[in-house]
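Engineer:
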Amino acid sequence: DGGITQSPKYLFRKEGQNVTLSCEQNLNHDAMYWYRQDPGQGLRLIYYSQIVNDFQKGDIAEGYSVSREKKESFPLTVTSAQKNPTAFYLCASTRLTGPGDYGYTFGSGTRLTVV
Amino acid sequence: AQSVAQPEDQVNVAEGNPLTVKCTYSVSGNPYLFWYVQYPNRGLQFLLKYITGDNLVKGSYGFEAEFNKSQTSFHLKKPSALVSDSALYFCAVRALNSGNTPLVFGKGTRLSVIA
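If you read the sequences in order, they're chains A and B. Take the first sequence: its letters are residues 22 to 136, numbered as in our numbering. Take the second sequence: its letters are residues 6 to 120, numbered as in our numbering.
1) Are the CB atoms of E71 of chain B and H80 of chain B within a distance shorter than 7 Å?
2) Pull the bridge partners of N17 of chain B from the DSSP assignment, please.
3) Three or more C-beta pairs closer than 8 Å, one from the segment 97-114 of chain B and one from the segment 62-71 of chain A: is that the case here?
4) Kindly indicate if chain A contains any beta-carbon less than 7 Å away from that of K112 of chain B.
5) Quick check: what's the CA-CA separation for K104 of chain A versus P107 of chain B?
6) Mind checking D90 of chain B: buried by the 16 CB within 10 Å criterion, or exposed?
7) Is there at least one Cβ from chain B nearer than 7 Å to G124 of chain A's Cβ?
8) Against chain A, does R115 of chain B count as a neighbour if the rule is that its beta carbon must be under 7 Å from one of theirs?
9) Is any beta-carbon of chain B found at less than 7 Å from that of F127 of chain A?
10) At which residue ranges does the segment 38-76 of chain B contain complete beta strand (DSSP E) runs of 3 or more residues, listed in the order of the chain?
11) Buried or exposed for A86 of chain B, please, with buried defined as at least 16 other CB atoms from any protein chain shown within 10 angstroms of its CB.
12) When the distance is taken between beta carbons, is T134 of chain A closer than 7 Å to F33 of chain A?
13) Got a sec: which bits of the segment 27-57 of chain A sit with their beta carbon under 9 Å from any beta carbon on chain B, in order along the chain?
14) State the Cα-Cα distance for the pair Y54 of chain A and N22 of chain B, rounded to the nearest angstrom.
15) Can you tell me where the beta strand (DSSP E) holding V73 of chain A begins and where it ends?
16) Once the 5 residues before and after Q43 of chain B are set aside, which same chain residues still bring their CB inside 8 Å of it?
17) With a threshold of 7 Å between beta carbons, is K63 of chain B in contact with chain A?
18) Round the Cβ separation of V32 of chain B and Q7 of chain B to the nearest angstrom and send it over; I've been treating them as touching at under 8 Å.
19) DSSP three-state call for S91 of chain B: helix, strand or coil?
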């Protein structure tokens, strides 16, 4: 079945440590997105990519980095510069061309906790 | 700029009663509107979308939404609520001809259906 897979489901980070969240899709989607979800704040866009080897900052990119070396993969690194990383992180993807709707398909999320 | 407002953080409804979850939006030009649902510790699932055409859009699980251009609203409705409808609901928007800019999400409305 086609879909979008995020791993791990739960992740614990120590102070000063970088961690990488994985997002892989086999839907042949062009664009991929990372959102952060905090209680009462909805979804806030961190980074997005519409083509391989190119990405754009979203509203809250500080303290995060991404890469898009393959169409299928869009990993997110939470760096030590991100002072409050505890949150639920969601990855999404969509087509940008062709017929049909351009709604997003979401992964199941990664819950990151600082310990 | 694009924006979405979900004025109610929480909506409570008795099982079997009709439910409404409100959404208003702001875009330049015509909107591309979505509703998504999120169950605990899961990603968002697509419910329905509006692009053009009939103002009443039917979606998954018996949900529907009414597009009102003059009031810039896209309220989610269901004639008879189920306990299993209890979840977090997100409205999202982008301008139809915005060159693939990312969707903007509301802060979410928690629906609680009481047996």
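Just so it is clear, CB atoms sit at the ideal spot from N, CA and C, and this is done for glycine as well.
Structural biologist: Working from what's here:
1) Taking 7 Å as the Cβ cut-off, H80 of chain B and E71 of chain B qualify as a contacting pair.
2) Answer is B:S117.
3) Yes: the two stretches touch, three or more of their Cβ pairs being nearer than 8 Å.
4) Yes, K112 of chain B counts as interfacial toward chain A.
5) For K104 of chain A and P107 of chain B, the distance between alpha carbons rounds to 25 Å.
6) By the neighbour-count criterion, in which a residue is buried when 16 or more other Cβ atoms sit within 10 angstroms of its Cβ, D90 of chain B is buried.
7) Judged by the 7 Å Cβ criterion, G124 of chain A is in contact with chain B.
8) R115 of chain B does not count as touching chain A.
9) At least one CB of chain B lies nearer than 7 Å to the CB of F127 of chain A.
10) The qualifying runs are 49-55, 61-63, 69-73.
11) Buried: at least 16 other Cβ atoms inside 10 Å.
12) For F33 of chain A and T134 of chain A, yes; Cβs fall inside 7 Å.
13) Within the segment 27-57 of chain A, the qualifying residues are Q27, K30, D51, A52, Y54, Y56.
14) Those two C-alpha atoms are separated by around 37 Å.
15) Per DSSP, V73 of chain A belongs to no beta strand (DSSP E) and is neither H nor E.
16) For Q43 of chain B, the CB contacts under 8 Å within the same chain, skipping 5 residues up- and downstream, are L49, Q50, A92, L93, Y94, F95, G113 in chain order.
17) The beta-carbon of K63 of chain B is placed no less than 7 Å from the nearest beta-carbon of chain A.
18) About 5 Å separates the beta carbon of V32 of chain B from that of Q7 of chain B, a gap short enough to meet the 8 Å contact definition.
19) The answer is coil: DSSP assigns S91 of chain B none of H, G, I, E or B.
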